[in-house]
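Presented below is the structure to which this report refers.
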Amino acid sequence: MKTAIAAENHQPEELDMLKDEGRAEEGSVSTEHDLGSRGAVHGVSLPEEKFQRDNSVDFMNLPMENTEEEAPPTFKDTKSSKEPADVHSKSLTVSPSFQFTGLNHVAFCCENLEKSLDFYCGLLGLMTSPDRPELPYRGAWLLLGAEGIHIMEVPNPDPVHGRPGHGGFDRHACLNCKNVEGLRQTLEKAGIPYQHSMVPSIFCRDPDGNGLEFIEISPLK
Numbered sequence: 001m002k003t004a005i006a007a008e009n010h011q012p013e014e015l016d017m018l019k020d021e022g023r024a025e026e027g028s029v030s031t032e033h034d035l036g037s038r039g040a041v042h043g044v045s046l047p048e049e050k051f052q053r054d055n056s057v058d059f060m061n062l063p064m065e066n067t068e069e070e071a072p073p074t075f076k077d078t079k080s081s082k083e084p085a086d087v088h089s090k091s092l093t094v095s096p097s098f099q100f101t102g103l104n105h106v107a108f109c110c111e112n113l114e115k116s117l118d119f120y121c122g123l124l125g126l127m128t129s130p131d132r133p134e135l136p137y138r139g140a141w142l143l144l145g146a147e148g149i150h151i152m153e154v155p156n157p158d159p160v161h162g163r164p165g166h167g168g169f170d171r172h173a174c175l176n177c178k179n180v181e182g183l184r185q186t187l188e189k190a191g192i193p194y195q196h197s198m199v200p201s202i203f204c205r206d207p208d209g210n211g212l213e214f215i216e217i218s219p220l221k
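Be aware that the sequence shown starts at 1, since it is given in UniProt numbering, and climbs by one per residue.
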């Protein structure tokens, strides 16, 4: 993921305790841990194994939609929308001179890097890469096997609120997961809204409204 991206220039009980003790200023990040070989992020100190959740995020009040199932959105009534899509005829019949070998990464905008890291690393347990270069904006590379997610602290051109309640009806990144039920329990304990799908997967949104799907089936072939 290094080459491609370089080109881009508490559980509820814990939350109750934090409310009593007072929270650290939002946007701060714990620096009591030494930097690890995988923990260097531009402008942020991270521990070697896992970014520790700080006191700045109230997961119960993240800007996400409710967990209730909602009906599919109503799309424009056109002839093409009623006819089955002939996707196979659109496939190339010749091999181009270039070849794609896979997905390198997806990129998400965020308003506050520390809050995003608290969600992706502190809650979901993703690791950061130390290889992100010094770019004009703060951010982090999150490791997902051979692929990754680039979190960028830049202005978000898309609205955070008012998006479909179900991530399956919105653009999203899909992550393979070995235990969707375990993840569901983690999201529920943290107060993160989520929705089910017709396949073994669940949808949720990160603190900036970016859609995420976690699926327990083989990748697309």
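In this text, a Cβ means the ideal position worked out from N, Cα and C, and glycines have one as well. If you're wondering where the values come from, they're calculated on a predicted model, not measured in any experiment.
Query                                                                                                                             : Result
CB contact flag (residue 151, residue 108, <7 Å)                                                                                  : yes
Per-residue burial, residue 198 [other beta carbons within 10 Å of its own, 16 or more giving buried]                             : exposed
Residue span of the beta strand (DSSP E) that contains residue 117, given as start and end                                        : Element bounds for residue 117: not the beta strand (DSSP E) but the alpha helix (DSSP H), 113-117.
The segment 199-219 touching the segment 171-180, judged by at least three CB pairs closer than 8 Å                               : yes
Residue ranges of each beta strand (DSSP E) within the UniProt domain "VOC" (102-217), 3 or longer                                : 105-109, 139-144, 147-152, 172-176, 201-205 and 211-215
7 Å Cβ shell around residue 196 - same chain, five flanking residues per side excluded                                            : 202
Straight-line Cα distance separating residue 206 from residue 45                                                                  : Its pLDDT being 38, under 50, residue 45 is placed unreliably by the model, and the measurement read from it follows with that caveat. Looking at the two C-alpha atoms, the distance is approximately 21 Å.
Proximity winner among 140, 101 and 105, relative to residue 115 (alpha-carbon distances)                                         : 140
Which listed residue (147, 211 and 143) has its alpha carbon closest to that of residue 102                                       : 147
Chain-order list of residues whose beta-carbon lies under 8 Å from that of residue 194 (same chain, five-residue window excluded) : 67, 184, 187, 188, 202, 203 and 204
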